[in-house]
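K.L.:
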Amino acid sequence: MELNNSKIKIKAKNLNVYYGKKQALFDINLDINQKEVTALIGPSGCGKSTFIRCINRMNDVIDICKVEGSVEIDGAEINEKNVDVVTLREKVGMVFQKPNPFPKSIYDNIAYGPIIHGAAENKDQMDNIVETSLKKAALWDEVKDRLNEPGTSLSGGQQQRLCIARALSVNPEVILMDEPCSALDPIATAKIEELIDDLKKSYTIVIVTHSMAQAVRVSQKTGFFHLGKIIEVDSTEKIFKNPANKMTQDYITGRFG
Amino acid sequence: MTKEQRLKKRYRAEKRFKMYGLISVSLAVIFVLILVQNIFSKGSSAFSRTMIEVAVNYDSSLLELEGPINQNSLKDADFYDLAVESLLKIYPAKDSKEERQILRLFSPDYEFEIKDFLIKNPNKIDQIVPVKITASDDIDQLNKGNFPRDLPEDRRRVSNYQLNIYDNLIEKEKIDKKFNNYLFTKGDSRDPELAGIGGSLMGSFFTIIICLILSFPIAIMASIYLEEFAPKNKITDFIEININNLAAVPSIVYGLLGLGILLSVMEFPRSTPLVAGITLSLMTLPRIIIPCRASLKAVPPSIREAALSVGASKFQTVFHHVVPLAMPGTLSGTIIGLAQALGETAPLILIGMVAFVVDIPSSPVDPSASLPVQVYLWSEQAERGFVEKTSATIMMLLGFLIVMNFIAVYLRQKFEKKWN
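Same order as they appear, the protein sequences are chains A and B.
Per the working numbering, the very first residue in the first sequence carries number 29; after that it's consecutive.
Per the working numbering, the very first residue in the second sequence carries number 676; after that it's consecutive.
(1) Taking only beta-carbon positions, decide if residue 144/A is within less than 8 angstroms of chain B.
(2) Could you please tell me which residues of the segment 958-988 of chain B, in chain order, have their CB closer than 7 angstroms to any CB of chain A?
(3) Give me whichever residues DSSP pairs with residue 98/A in a beta bridge.
(4) Any beta carbon of chain A sitting closer than 8 angstroms to that of residue 907/B?
(5) Counting Cβ pairs closer than 8 angstroms, one from the segment 939-948 of chain B and one from the segment 977-990 of chain B, do we hit at least three?
(6) Is there a Cβ from chain B that is less than 8 angstroms from the Cβ of residue 283/A?
(7) Using only the alpha-carbon positions, how far apart do residue 131/A and residue 179/A sit?
(8) Listing by chain order, which chain A residues have their CB less than 8 angstroms from the CB of residue 991/B?
(9) Does the pairing of the segment 1025-1036 of chain B with the segment 861-870 of chain B give three or more beta-carbon distances under 8 angstroms?
(10) Counting Cβ pairs closer than 8 angstroms, one from the segment 197-207 of chain A and one from the segment 80-88 of chain A, do we hit at least three?
(11) Relative to the alpha-carbon of residue 797/B, which residue among 875/B, 747/B and 944/B has its alpha-carbon at the smallest distance?
(12) Can you tell which of 730/B, 771/B, 772/B and 792/B has the C-alpha that lies nearest to the C-alpha of residue 750/B?
(13) Spatial neighbours of residue 93/A within its chain, please: CB distance less than 6 angstroms, with the 5 preceding and 5 following residues excluded, ordered by chain position.
(14) Which residue from 270/A, 100/A and 253/A puts its Cα closest to that of residue 69/A?
(15) With a cut-off of 8 angstroms, does the C-beta of residue 29/A fall near any C-beta of chain B?
(16) Can you say whether residue 700/B is buried or exposed, counting buried as having 16 or more other CB atoms within 10 angstroms of its CB?
(17) Pull out every residue of the segment 115-126 of chain A whose Cβ sits closer than 7 angstroms to any Cβ of chain B, in chain order.
(18) Just to confirm the assignment, what range does the beta strand (DSSP E) spanning residue 51/A have?
(19) Tell me the rounded alpha-carbon separation between residue 932/B and residue 760/B.
(20) Residue 1052/B to residue 1029/B, Cα distance in whole Å?
(21) When the Cα atoms are used, what is the spatial distance from residue 1040/B to residue 936/B?
(22) Is there a Cβ of chain B sitting closer than 8 angstroms to that of residue 71/A, yes or no?
(23) Measure from the C-beta of residue 901/B to each C-beta in chain A and report whether the shortest distance is under 8 angstroms.
(24) Under a CB-based cut-off of 8 angstroms, is residue 102/A close to chain B?
(25) Let me know the beta strand (DSSP E) ranges lying completely inside the segment 167-239 of chain A, each 3 residues or longer, listed in chain order.
(26) Is residue 971/B near residue 886/B, with beta carbons less than 8 angstroms apart?
(27) With a threshold of 16 other CB atoms inside 10 Å of the CB of residue 115/A, please say whether the residue is buried or exposed.
(28) To the nearest whole angstrom, what separates the beta carbons of residue 295/A and residue 45/A, a pair I think is in contact under 8 angstroms?
(29) To which residues of the same chain is residue 803/B closer than 6 angstroms at the C-beta, ignoring the five residues directly before and after it?
(30) Less than 6 angstroms between C-beta atoms, sequence neighbours within five positions excluded: which residues of the same chain meet that for residue 231/A?
(31) Do we get a CB-CB distance below 8 angstroms when we pair residue 208/A with the residues of chain B?
(32) Could you tell me how far apart the beta carbons of residue 42/A and residue 59/A are, in whole angstroms, since I believe they sit closer than 8 angstroms?
(33) Could you confirm whether any beta carbon from chain B is found closer than 8 angstroms to the beta carbon of residue 174/A?
(34) How long is the line joining the alpha carbons of residue 282/A and residue 243/A, rounded to whole angstroms?
Printed below as a string of structure tokens:
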């Protein structure tokens, strides 16, 4: 299952998640490699999003959600009471399905994370963080003259890149993307995919996607989820050319899902 | 039914529905107009006051002053004899009965009005000066055209003799109207021409301030805690249901609570804005908590997720993002809650704010009335002068309520953030 010559960044072992009485994930075992894009595919409601929300413990917010099992990042367990979620989420950024900039200026959107973590000592450093984050998200050239305009005034694709820049602003190691392109048009999608390709040089990326084509284009490794179970994980090439499992075969050829 | 028939039927149904809507809207508008017209036609005359000009002879010998004449000695002087002597000169009187009738043309405060004039113009001593004196309620109403003159004398409050004097004064142009500043500067009085809403205005002001100070922070904190931090379990469900129930409790019950606990057990001063403010804030709390929670709930979860995902703690997420975004709704909910408290009468009656208070309160622990209670008090009075005062007070109260609601709407529209 593991690919050669890649270091494992995130390791999920026997992960079970329940929403109230309903079990959403069954015994998930998944390794995610460092500085690589891992795509998670599968039909709606199969637990892909639930899984990536376990990696930065966003499921804590949902009262009825219960997580059992282990998730390790760099060998350190994160599913323990004494783990500080703030530090964890500083390390593991997240980009959501719908662009969700704060109803504040573009500058403030990026600066918020560094402010609460005390990353900048003065205005110059902050300006610097904002600029590099926006540059990394390939948005700088489009917004550098209007940093004081509200983030919500940007187009959908720009808003999503703003959200990526916001996630980058706190210097994470891992970026989780929950269907980042589902609300975007093809041109904006292409830009985000290009960006993901660029970002994988320095970040570990986990992306949930409904588009098989997107998984092929951006990822090196793909996991196929179905009804809360992980059916098959392998290199993207193998999954899409020669899947081992019949169900994977049916899904990627469009016979269900 | 053919397709055309169905189409026609559908159009007819839509037309009918529009008609019903129009009828209900116009009915509502008509009722409001009738109400406003009624209040304005009755109340507008309260803003003017009839004055009778009298030549007052400031004869210092009648004042029985000892020592030099200055403002201080004038303040202590008794102006009754001087005032009566001048007033009686406006028309010849046969006997003491007619003299009494002449004096009754003026408000009982004539003595002080004459005195105040001299204190303001001390150089007029020993001169005969024309002074405008407030007319009695009967003359005031007669002058405003509210008294029928064609009734037999024994059914009128104004005698034939007084009518003659009135006509005579009109002829000599001694009677005119001026703006009624007493309405705003004076406290309550048994004489309608001297009664004002100054006291109840201050009373209402103190009450609302106390209500705001108590209910706003408590309501905001309670709603933030319940909405954002409290675990969702049976206890919080129970609290939530009870808050909704409390908002529906008749206000008079809160009055009973204030009477039973604040006045009887804790022995707070009776009829004061302090007690009224505490009682009304009990009533207002659930009515503020409900809109506050609604506006917190209306902040989209995506904003919370955004903040959490960059590593904000729960507390930071709530106070940096959720609360500021919910502020417009919170503020307008508070203002509307306070507006309801401002118009509340029943609980105030129970805690003794119906007392007849002449003095204008200078602090929240002085006895006072409040605007809605003043309306209630005056509406019970028989004198015609109080009818117009009642309507004028209602106009003031409605004015305040409209202004408060306007501010609420303005705040909500101005500061509401747009998110996609």
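A virtual CB, placed ideally from N, CA and C, is assigned to each residue, including glycine.
P.N.:
Based on what the coordinates show:
(1) yes
(2) 977, 978, 980, 981, 983, 984, 985, 986, 987 and 988
(3) 41/A
(4) yes
(5) no
(6) no
(7) 6 angstroms
(8) 144
(9) yes
(10) yes
(11) 747/B
(12) 792/B
(13) 47 and 87
(14) 253/A
(15) In this prediction, residue 29/A scores a pLDDT of 43, lower than 50, which makes its location untrustworthy; the coordinate-derived value is nonetheless stated afterwards. No, residue 29/A lies away from the interface with chain B (no Cβ there is under 8 angstroms from its Cβ).
(16) exposed
(17) 117, 118, 121, 122, 124 and 126
(18) 50-61
(19) 55 angstroms
(20) 7 angstroms
(21) 17 angstroms
(22) no
(23) no
(24) no
(25) 202-206 and 232-236
(26) no
(27) exposed
(28) Outside the shown range of chain A (29 to 285) lies residue 295/A, about which nothing can therefore be said.
(29) 730 and 732
(30) 203
(31) no
(32) At roughly 13 angstroms, the Cβ-Cβ gap does not stay under 8 angstroms, so residue 42/A and residue 59/A are not in contact.
(33) no
(34) 14 angstroms
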